Structure formats: structure tokens, C-alpha cells
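**Student:** I'd like to ask some things about the structure below.
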Amino acid sequence: MTDFDRKHISDPVYKTIGLSKLETEVIDTPVFQRLRRVKHLGLVSLVYPGADFSRFDHSLGVCHITGQILSAIKKANSSLKISDDEIQKYRLAGLLHDIGHYPFSHPMEEAIKGYYRQSFVAPVGSKEESNNNDKQTEIKFLRHEEVGREILLSDPDLKGIFKNSGYDPEEISRIITGSNFPQDSEIPRFRTLVASDLDADRIDYLLRTAHHTGVPYGSIDVDYLISQMVFDESEKRISLYQRALRSAEHLLLCRYFVYQQNIFHKTVAGFEYLLRDISKALLQKDLINFSREDVEKAIKNRRWFNLDDVYIESKIRKLSNEADIENSLIQKIDSIRTRKPVSLVYEWEVLADRGESGEFTLRKQLAEVHKKEAIKRYAIDESLWHVWDNKVSITNLASRMKITEKRDDDEILQSVHLYDPDEKMSRVIMENKSSLMNVMSNQFLYIIRVYVLLPDDKMYLKLEIKKYFEQKLRNP
Amino acid sequence: MEMKLVLLKLFLDKLGISSEIDTFEKRKTIQKAVYLGQLTDVDLSYRFGWYLKGPYSPSLAEDYYHLADELEIDDKGYEEYQLKKSLSDRLEEVLPLLEKPKEFKLKEVDWLELVASYRYLRRVSKLSDARADEILKEEKPKLYQYRNLAQKKLAEVFSE
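Protein chains in written order, with our numbering: chain A, 73 to 548; chain B, -5 to 154.
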């Protein structure tokens, strides 16, 4: 029998988190300790100063919630045999689900993807140098989930721990990523526990963000939510009892509001695109290297431990001291270091039907066109402008889709399901006609913003530029 | 157009696969074709799990919806680029696998589903031939009868 309370850690969200001996060993590895130095919310702390909790804190929280959910399900259904061994596997998956995040997480990962993807293509009409093999082949990169998998399989310290424990790191990785499942009796039956619309990751993220930012939108009723979780044996998924409909809706709305208020906050989004550009410059100048080959070597040689937010900050400092650095890059670095926000000169936000993306895409295109004109008109460096866009939905599926189409399309797996104990079946929440999601699932919030990092001597132009875009994009 | 969408469009064009997604079958075709195309080591970084209809990538789904939006307003940003020759040459190798053999009496999308699923079960899930056959029979009975054809074509293309 596994003692999941062998060690206790104080936590601001749950008060106390209990850990097993194995989990403590994992946490004590350098590669896990690195997560203390990777902020969960990146640059959100530039707007919400308290939002500087790390992926370390969050990972402990996800482990904890995973354990809570499985305990609740086990208690509610005694005929459902869930061994301590199985609970430990899922807790490990929760603990390690973010182990592969790059420093500064998403802006860095976007920079990496954008930079290395360029090596896959050449401009039309260009002749590739036949003798230069480097230029002919693409440079591969890893998504953070794959970095996580690589760490589980190749980090020397974790390898030793897994070997001694008897747990298979490949299996833990499969639970985390939801891919490569063997099709036999060992299919992880709680596969949605770590990654879906109703998962431990989301629950901890919402609670922790609400706590640390001081913004209450993430304050879900976690105890009630967990008490209403049930394992639907026919569908092999975790669902919520139908009576918890309002809690389920609240969870989905909370996520929507938290994303709007924190991640997609206009000032945060502005800073994040600067960081992405700076990261790209670090890659171009070879000050950092995150190709697949380099990441794999760093993991095997225990150097991944050093590749955290502090490492990137030191590289940014080095970059800012280079003699030949572009002025626009200096401005971007200074903007983040001195917290001088980018100017938002245009914003368009509309809640509209999922099928009505035509205006959104057209406006985005026109924003790019007028941005080019504004660059010339105001003589501000092109690289200081950015058109930002996003489509935000409360659910991943729309209620409007035909049932058969929806069922066949595999996208329902991630959705919140409500379980009817009388019919003994689960249905996606958006099919419930009394649910807000039946209506809201058909909507996207479309957002387009135009940002410009105004040089000090051009700050006076802000209002004029705003009027310019407003006039140009009023009736496209 | 974002580089990831440019890449996806060029990849699909090279495989002769339409970027349209207005029907379930078209979306399934893209899923299976990209899975098979990536087997040539032209890695677009889409990772596939086993879902109801075989190998499926949620991030690929997100991207082809996004691509469809861009193409709808006639964004031709992808026309400025071409795949590097080494990638293009590799993708050529999988083209014979995407062609439905004459002996296969179902639709082209069914052929792709069969080949992709069979390959996934045997190589990714690492199941024995017997177990892979069992799963195929259980989950895709109408495709099961053609499994030997799929095995033969996979062996021809990938020297398995």
C-alpha cells in the first residue's frame, strides 16, 4: 500500500500537499527543481505582480488534484478497482506533465517553432546550394510535450528512479501526452485526467492563478466538482454527474475569463510578442540553441537543468551589450526590463458565430495592409509593429454540429461530459439544451489588436495613430 | 500567413491532398495523409494518438481549421515559398502509399484510414501482428478484409 502522505508540503492554494516517497525522489531531482525557475505565467506578472508562481508549484498542485480526483472516484464506486499503483501512475503524470516546458514557456516555444520551421522552406525560385548539406535539410525541434517525454526517458536521474521503482516512464509519458497508446487491456482508462476540458491541470491552473493574481475569475468550487466526478465505464472516461451541470459551466466560463483577463490581457500580450521577437533574435545570433539535437544532448548531459528563465535573462543581457545590435531590439529589451508597455493603437473584439470568421480574417488581413502603410506614414521601424489576433471559444466543440459528425470526428474526447446515471451514459455538455454551453459553444470571441512600440521621440503620435487605424478599419 | 500554415499547405499540396475541410471525410483524409507523410521523416511536429478513427492529432485539426480560414479570404502567403528539395523528395516516397489499389473496393479515405491505422498499431503501439489484426477486426471490420493489402503496400514503401 502506497502512502501518499509520507511527506507534506505547504501550499497556498490547498494548504497542504501530501507526497509519496517516490514523488519526493522525483521532486528532488535537478531536472524537476529547474521548474522553480520557470514561471508558469511568464510575463503576466508585469501586470499582476503576484502572478510569479512557478511550474514547480503548479506541478505539485496537479499531482495533488489528480490524487484527489481518483480518490473521490474510487470512493464513489467501490466496484471500480483502482489500485494504489494506478493512482501513483496518474499522480506521477500530473507531477511531470510540465517537465518539458522551455524557459518562459509559450513565447519561447512560439519563437522556436517559428525560427526552425523556416529551415523547412525556401523562397520560390531560389536555387538551393547543392553542396551545402546544412542548408538542404531542415532543423527539427521539439514541442514541450516531446521535450517532457525525452526528459522522462533520458534524464539520468529520472531514469534511475524509474528503474528502481518499476514504473515505466514511457507509460507515464503516454498518459501525459495522450498519444501512442497501445491498443490492449493496458489502455490508460483515465486518459482525460491530465489533459482535457475537465482535467487536473486546468483545475489547479485556475485556482492558483486566482490566488496569485488576486483576480477571482478562476475561483471554482473544486471540492464539489471533484465530488461529482464519475467514471463512465462504457465510454471509458471521466464525466460529471448531470446534477453538476452548473459547476461544469462555471468551470468552462472561469477558464474563458481567466484567459481573457490574464493570458490575453492587452498589456501582457504586448509584452509577450516582444519576448518572442527577442527570443527569435537570440536564436538567430546563436546565443541560444533549442534544436531537437541540442535539446536531446542537453537532457542526456544534465545541462537542461540550467536552461531556465534566468538563463534566458542572462542571454538577453548579453544580447543587449552586443555592439551590432539593432536599435529596435534594444527598444524591445528595454521595454520589458523597464516595464514600458507597447502601445495598443487598435482593438476589435466581437463575439460571433463560429461560422462567421470571414470578417475576422478579412480585418486581420486589412490590419496588416494598413500597418504597412502606417510604417511609412509615421516612419517607425517595421519590427516595432505587431498585429495580434486570436479566436477564443469556451468549448472546443459546437453544439450545432451534427451528432454523428461530432461523434466520428474524435474531437469530443476532450470535452466535458455529463453522466446520466439512469441512462448510464455520458453526453457532451453542449448537447444539453438547458446548458449555457448549448448556445455559447457556437460562439467565438474574435480579437484583433495592432500594437506599436513607440520610440520616446514619437510617443506624441499615439493618439494620431489610433485615429488612423480606427478610420481605416471602421467599415472594411 | 503563419509559417506553420504555409508548411501544412505545401505539405498537403505535395501529397496531392486537398486543404478543404467542409466534410468529415476530407478532414479524416488530411489526418491520415499527414500521419503517413510524416513517416518519411518530414516532421511537421504533429503528434498522433489513437482515437475512434485511428491516428489523430488535435493540433493538426486546429491548424487545418486555421488554414481553411486563411484560404477562404484568399490569403496566398504560401505561394512565396516552396518546400526544400530534400523534404520534397522524401515526401515523394510516400505517394504510392496514398494511392488506393485497384483491389480495394472502398473509398480512398477508407484506404488511408486502413493504412494509417495498421501502421500505427504495429509500429507505434508495438502490437504483434496477431493483436493488431484483432483490433482492426474489432474496431474497423469493413477494413479488416484488406489488411494484407495494406501490409504489402507498407512493406513496399517502407521496406518493413
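Heads up, the beta-carbon is just placed ideally off N, CA and C, and yes, glycines get one too. If you're wondering where the values come from, they're calculated on a predicted model, not measured in any experiment.
Answer with yes or no whether the minimum CB distance from L77(B) to chain A is below 8 Å.
**Tutor:** Here residue 77(B) corresponds to residue number 83 of the second sequence, with the count starting at 1. At least one chain A Cβ lies under 8 Å of L77(B).
**Student:** From the beta carbon of E74(B), is the nearest beta carbon of chain A less than 8 Å away?
**Tutor:** Position 80 of the second sequence, counted from the start, is the residue given in the question as residue 74(B). For E74(B), the answer is yes, since a Cβ of chain A falls inside 8 Å of its Cβ.
**Student:** Return no unless some Cβ of chain A is closer than 8 Å to the Cβ of E64(B).
**Tutor:** Stepping through the second sequence from its first residue, residue 64(B) is reached at position 70. Closer than 8 Å: yes.
**Student:** Rounding to the nearest angstrom, what Cα-Cα distance links Y40(B) and S53(B) in this structure?
**Tutor:** Reading the second sequence from its first residue, position 46 is the one you call residue 40(B). Reading the second sequence from its first residue, position 59 is the one you call residue 53(B). Whole-angstrom Cα-Cα distance: 7 Å.
**Student:** Which of the three DSSP states, helix, strand or coil, is assigned to V414(A)?
**Tutor:** The residue given as residue 414(A) occupies position 342 in the first sequence. In this structure, V414(A) counts as coil in the three-state DSSP scheme.
**Student:** Rounded to whole angstroms, what is the Cα-Cα separation between R263(A) and L434(A)?
**Tutor:** As a first step, residue 263(A) is located in the first sequence; it is residue number 191 there, counting from the start. As a first step, residue 434(A) is located in the first sequence; it is residue number 362 there, counting from the start. For R263(A) and L434(A), the distance between alpha carbons rounds to 39 Å.
**Student:** Give the secondary structure of A183(A) by DSSP, where H, G and I count as helix, E and B as strand, and everything else as coil.
**Tutor:** Taking the first residue of the first sequence as 1, we reach residue 183(A) at position 111. In this structure, A183(A) counts as helix in the three-state DSSP scheme.
**Student:** Please confirm if E477(A) has its CB atom under 8 Å from at least one CB of chain B.
**Tutor:** Start at 1 with the first residue of the first sequence, and residue 477(A) comes out as number 405. Summary for E477(A): the model assigns pLDDT 46, below 50, so the residue's position carries little reliability, and this model does not support an answer.
**Student:** State the beta-bridge partners of E521(A) as determined by DSSP.
**Tutor:** Here the question's residue 521(A) lines up with position 449 in the first sequence. First, the amino acid is wrong: residue 521(A) is Arg here, not Glu. Note: R521(A) sits in a beta bridge opposite E419(A) and W460(A).
**Student:** DSSP puts I81(A) in a beta bridge; with which residues?
**Tutor:** On the first sequence, position 9 is the one that residue 81(A) refers to. In DSSP, I81(A) forms a bridge with I89(A).
**Student:** Between K327(A) and chain B, is there a C-beta pair that is closer than 8 Å?
**Tutor:** The sequence position of residue 327(A) within the first sequence is 255, counting from 1. It is worth fixing the name first, because residue 327(A) is Arg in this sequence and not Lys. It does not; no Cβ of chain B falls within 8 Å.
**Student:** Under 9 Å Cβ-Cβ, which residues of chain B neighbour L434(A)?
**Tutor:** Counting from one through the first sequence, the residue named residue 434(A) turns up at place 362. Neighbours of L434(A) on chain B, chain order: I67.
**Student:** Let me know if Q356(A) comes out buried or exposed under the rule of 16 or more other beta-carbons within 10 Å of its beta-carbon.
**Tutor:** Along the first sequence, one-based indexing puts residue 356(A) at 284. Exposed is the call here.
**Student:** Between which residues of its own chain and H80(A) is the CB-CB distance below 8 Å, once the five residues before and five after are set aside?
**Tutor:** Position 8 of the first sequence holds residue 80(A). Result list for H80(A): T88, I89, G90 and L91, in chain order.
**Student:** Would you list the residues sitting across from Q515(A) in a DSSP beta bridge?
**Tutor:** Sequence index remark: in the first sequence, residue 515(A) carries index 443 (1-based). In DSSP, Q515(A) forms a bridge with D425(A).
**Student:** Counting contacts by CB-CB distance shorter than 8 Å, is R41(B) in contact with chain A?
**Tutor:** The residue labelled residue 41(B) in the question sits at position 47 within the second sequence. Closer than 8 Å: yes.
**Student:** In whole angstroms, what is the alpha-carbon distance linking I11(B) and A194(A)?
**Tutor:** Looking up residue 11(B) in the second sequence gives position 17. Looking up residue 194(A) in the first sequence gives position 122. Each residue's Cα considered, the two are about 21 Å apart.
**Student:** Within 8 Å of any Cβ in chain B, is that where the Cβ of V196(A) sits?
**Tutor:** Locating residue 196(A) in the first sequence gives position 124, counting from the first residue. Yes - at least one Cβ of chain B is within 8 Å of the one on V196(A).
**Student:** Whole angstroms is fine: what's the gap from C326(A)'s alpha carbon to L61(B)'s?
**Tutor:** Here residue 326(A) refers to the residue found at position 254 of the first sequence. Here residue 61(B) refers to the residue found at position 67 of the second sequence. Using only the alpha carbons, I get a separation of about 29 Å.
**Student:** Using a cut-off of 8 Å between C-beta atoms, extract the partners of V193(A) located in chain B.
**Tutor:** Residue mapping note: residue 193(A) aligns to position 121 of the first sequence, counting from 1. Here the neighbours are M(-3), V0, L1, L4, Y75, Q76, L77 and K78.
**Student:** 8 Å is my cut-off, CB to CB: does E305(A) come that close to chain C?
**Tutor:** The structure shown has no chain C; the protein chains it does contain are A and B.
**Student:** Answer with buried or exposed for M531(A), where buried requires no fewer than 16 other C-beta atoms within 10 angstroms of its C-beta.
**Tutor:** The residue given as residue 531(A) occupies position 459 in the first sequence. It counts as exposed.
**Student:** By the criterion of Cβ-Cβ separation under 7 Å, what are the contact partners of R189(A) in chain B?
**Tutor:** Translated into positions along the first sequence, residue 189(A) becomes position 117. Ordered by position in chain B, the residues that pass the 7 Å Cβ test against R189(A) are M(-3), K(-2) and L1.
**Student:** Are the CB atoms of L270(A) and V488(A) nearer to each other than 8 Å?
**Tutor:** Translated into positions along the first sequence, residue 270(A) becomes position 198. Translated into positions along the first sequence, residue 488(A) becomes position 416. For L270(A) and V488(A), yes; Cβs fall inside 8 Å.
**Student:** Which residue wins for smallest C-alpha separation from I350(A), given the options R389(A), S319(A) and H112(A)?
**Tutor:** Here residue 350(A) refers to the residue found at position 278 of the first sequence. Out of R389(A), S319(A) and H112(A), R389(A) has the C-alpha closest to the C-alpha of I350(A).
**Student:** Using 8 Å as the limit for Cβ to Cβ distance, is Q356(A) near chain B?
**Tutor:** Counted from its first residue, the first sequence places residue 356(A) at position 284. Chain B, which has no Cβ nearer than 8 Å to the Cβ of Q356(A), makes this no.
**Student:** Hey, V417(A) and K544(A): beta-carbon distance below 8 Å or not?
**Tutor:** Locating residue 417(A) in the first sequence gives position 345, counting from the first residue. Locating residue 544(A) in the first sequence gives position 472, counting from the first residue. No.
**Student:** In the DSSP output, which residue or residues are listed as bridge partners for V193(A)?
**Tutor:** The count along the first sequence starts at 1 and reaches residue 193(A) at position 121. Answer is L77(B), bridged to V193(A).
**Student:** Residue range of the beta strand (DSSP E) that L490(A) falls in?
**Tutor:** Stepping through the first sequence from its first residue, residue 490(A) is reached at position 418. Here the beta strand (DSSP E) through L490(A) covers H489 to D492.
**Student:** DSSP on N203(A), reduced to helix/strand/coil?
**Tutor:** As a position in the first sequence, residue 203(A) is number 131, starting the count at 1. In this prediction, N203(A) has a pLDDT of 47, which is less than 50 and means its spatial position is unreliable; nothing more can be read from the coordinates.
**Student:** Quick one: measure Cβ to Cβ for L91(B) and V109(B), integer angstroms, because I've assumed they're closer than 8 Å.
**Tutor:** As a working note, residue 91(B) is residue 97 in the second sequence. As a working note, residue 109(B) is residue 115 in the second sequence. Between V109(B) and L91(B) the Cβ distance is about 6 Å, and since that is below 8 Å, they are a contact.
**Student:** Pop quiz: V110(A) and D494(A) are said to be a contact at Cβ under 8 Å. What is the actual Cβ separation, rounded to whole angstroms?
**Tutor:** For the purposes of this step, residue 110(A) is identified with residue 38 of the first sequence, where counting begins at 1. For the purposes of this step, residue 494(A) is identified with residue 422 of the first sequence, where counting begins at 1. Not confirmed; about 46 Å, so no contact.
**Student:** For N547(A) and E428(A), I'd like the C-alpha separation in whole angstroms.
**Tutor:** On the first sequence, residue 547(A) is found 475 positions in, with the first residue counted as 1. On the first sequence, residue 428(A) is found 356 positions in, with the first residue counted as 1. Their Cα atoms are separated by approximately 16 Å.
**Student:** Here's the rule: buried if 16 or more other CB atoms are within 10 angstroms of the residue's CB, otherwise exposed. What is L4(B)?
**Tutor:** By 1-based counting over the second sequence, the position of residue 4(B) is 10. Buried, by the Cβ-count rule.
**Student:** Excluding five sequence neighbours on each side, which residues of the same chain lie with their C-beta closer than 8 Å to the C-beta of R84(B)?
**Tutor:** Locating residue 84(B) in the second sequence gives position 90, where the first residue counts as 1. Answer for R84(B): T34, D35 and V36, listed in chain order.
**Student:** Would G114(A) be called buried (16 or more neighbouring beta carbons within 10 Å of its own) or exposed?
**Tutor:** Along the first sequence, one-based indexing puts residue 114(A) at 42. That one is buried.
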